[in-house]
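J.:
In our numbering, the protein residues as written are 34 to 250.
1. Can you find at least 3 beta carbon pairs, one from the region 147-154 and one from the region 109-129, that sit closer than 8 Å?
2. Does the region 99-117 touch the region 75-87, meaning 3 or more C-beta pairs lie closer than 8 Å?
3. Provide the residue span of the alpha helix (DSSP H) that contains residue 109, from first to last.
4. On a CA-only basis, which of 142, 207, 130 is nearest residue 158? Give me that one, please.
5. Would you kindly check if the distance between the Cβ of residue 50 and the Cβ of residue 81 is under 8 Å?
6. Can you round the beta-carbon distance between residue 114 and residue 195 to whole angstroms, since I take them to be within the 8 Å contact cut?
7. Could you check what DSSP says for residue 173 in three-state terms: helix, strand or coil?
8. Distance check for residue 83 and residue 178, CA to CA, integer angstroms please.
9. Using a 10 Å radius around the Cβ and a threshold of 16 neighbouring Cβ atoms, would you call residue 132 buried or exposed?
10. Taking 8 Å as the threshold (C-beta atoms), are residue 67 and residue 138 in contact?
11. Here's the rule I'm using: 16 or more other beta-carbon atoms within 10 Å means buried, otherwise exposed. How should residue 197 be labelled?
12. Considering only the alpha carbon of each residue, which of 203, 92, 56 lies closest to residue 146?
13. For a quick check, are the C-beta atoms of residue 62 and residue 101 less than 8 Å apart?
14. Over the uninterrupted alpha helix (DSSP H) stretch that includes residue 155, give me the two end residues.
15. For the putative contact between residue 180 and residue 130, defined by C-beta atoms under 8 Å, what is the C-beta separation to the nearest angstrom?
16. Specify the secondary structure class of residue 142 as computed by DSSP and reduced to three states.
17. For residue 127 versus residue 187, is the C-beta spacing smaller than 8 Å?
18. Keeping to the same chain, check which residues put their C-beta closer than 6 Å to that of residue 86; ignore five residues upstream and five downstream.
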């Protein structure tokens with residue numbers, strides 16, 4: 034259950050037409066790339082007769098990209114609230130924080146049973162690696178923002194750019210497991226749950242590793 038303070042910050046859900054465009058965009062961005070996807074094809078896949086439906090509802094390609102990101106971030110917020118619980122900051126360990134960032138993404142499966150959002154997010158994150166820690170182009174939902182703040186405290190001896198790079202590299206590790214699972218590239222040799230648990234362990238070790246550079250940047 035989302036508490037009252039968080040509930041006040043939840044944006045108004047998109048209408049049916051916008052939601053259809055967001056879902057279509059996620060799938061087509063994942064397949065063709067954010068820059069390579071056809072906005073007309075997205076409109077058609079969303080059941081819109083108007084070829085310029087994306088421009089009508091969102092204005093620009095970039096605004097649509099941000100809408101996909103924001104829509105999914107808010108979908109995961111309730112799960113993150115539950116995972117954090119009512120514990121004080123100092124009682125939440127590193128592995129719990131990592132799970133809170135990544136595990137809610139397991140539920141984001143598209144109409145074809147694929148992890149299209151994982152493929153989309155991998156491309157989205159490439160645009161944000163050089164930015165300050167936690168800067169992903171949008172105001173983040175409160176539970177995610179809190180989680181990233183606490184995660185940063187576990188990487189104190191490094192500049193923000195290094196912490197952001199580590200965070201995004203960790204994202205790529207986790208998202209890659211979802212993408213290759215969707216495409217059947219791993220066969221049936223390992224169960225998804227085992228792969229994800231092992232990857233969370235890898236991420237934990239990577240984030241906690243000593244920084245090789247000057248902590249002051």
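Note that the Cβ used here is the ideal one computed from N, Cα and C, for glycine as well.
T.: Judging by the given coordinates:
1. Not touching, per the Cβ criterion.
2. no
3. In the chain shown, counting from the first residue as 1, residue 109 sits at position 76. The continuous alpha helix (DSSP H) containing residue 109 extends over residues 94-117.
4. The residue given as residue 158 occupies position 125 in the chain shown. For residue 158, the nearest C-alpha among the options comes from 207.
5. Taking the chain shown and counting its residues from 1, one reaches residue 81 at position 48. Taking the chain shown and counting its residues from 1, one reaches residue 50 at position 17. Yes, the pair counts as a contact, with Cβ atoms nearer than the cut-off.
6. Position 81 of the chain shown, counted from the first residue, corresponds to residue 114. Position 162 of the chain shown, counted from the first residue, corresponds to residue 195. Not really, about 29 Å apart at Cβ, beyond 8 Å.
7. Position 140 of the chain shown, counted from the start, is the residue given in the question as residue 173. Here residue 173 sits in coil by DSSP.
8. The residue labelled residue 178 in the question sits at position 145 within the chain shown. The residue labelled residue 83 in the question sits at position 50 within the chain shown. Approximately 37 Å between the Cα atoms of the pair.
9. Counting from one through the chain shown, the residue named residue 132 turns up at place 99. It is buried - the Cβ of residue 132 has at least 16 other Cβ atoms within 10 Å.
10. The count along the chain shown starts at 1 and reaches residue 138 at position 105. The count along the chain shown starts at 1 and reaches residue 67 at position 34. Inclusion of residue 138 and residue 67 in the CB contact set at 8 Å is not warranted, their separation being larger than that value.
11. Residue mapping note: residue 197 aligns to position 164 of the chain shown, counting from 1. Residue 197 comes out buried.
12. Position 113 of the chain shown, counting from 1, holds the residue named residue 146. Considering only alpha carbons, the answer is 56.
13. Position 29 of the chain shown, counting from 1, holds the residue named residue 62. Position 68 of the chain shown, counting from 1, holds the residue named residue 101. In contact: residue 62 and residue 101 (Cβ atoms closer than 8 Å).
14. Start at 1 with the first residue of the chain shown, and residue 155 comes out as number 122. Unbroken alpha helix (DSSP H) run through residue 155: 149-159.
15. The count along the chain shown starts at 1 and reaches residue 180 at position 147. The count along the chain shown starts at 1 and reaches residue 130 at position 97. Yes, they are in contact, since the Cβ atoms of residue 180 and residue 130 sit about 6 Å apart, within 8 Å.
16. Taking the chain shown and counting its residues from 1, the one referred to as residue 142 is at position 109. Correct three-state label for residue 142: coil.
17. Looking up residue 127 in the chain shown gives position 94. Looking up residue 187 in the chain shown gives position 154. Yes, the Cβ-Cβ distance between residue 127 and residue 187 is below 8 Å.
18. The residue given as residue 86 occupies position 53 in the chain shown. Answer for residue 86: 76, listed in chain order.
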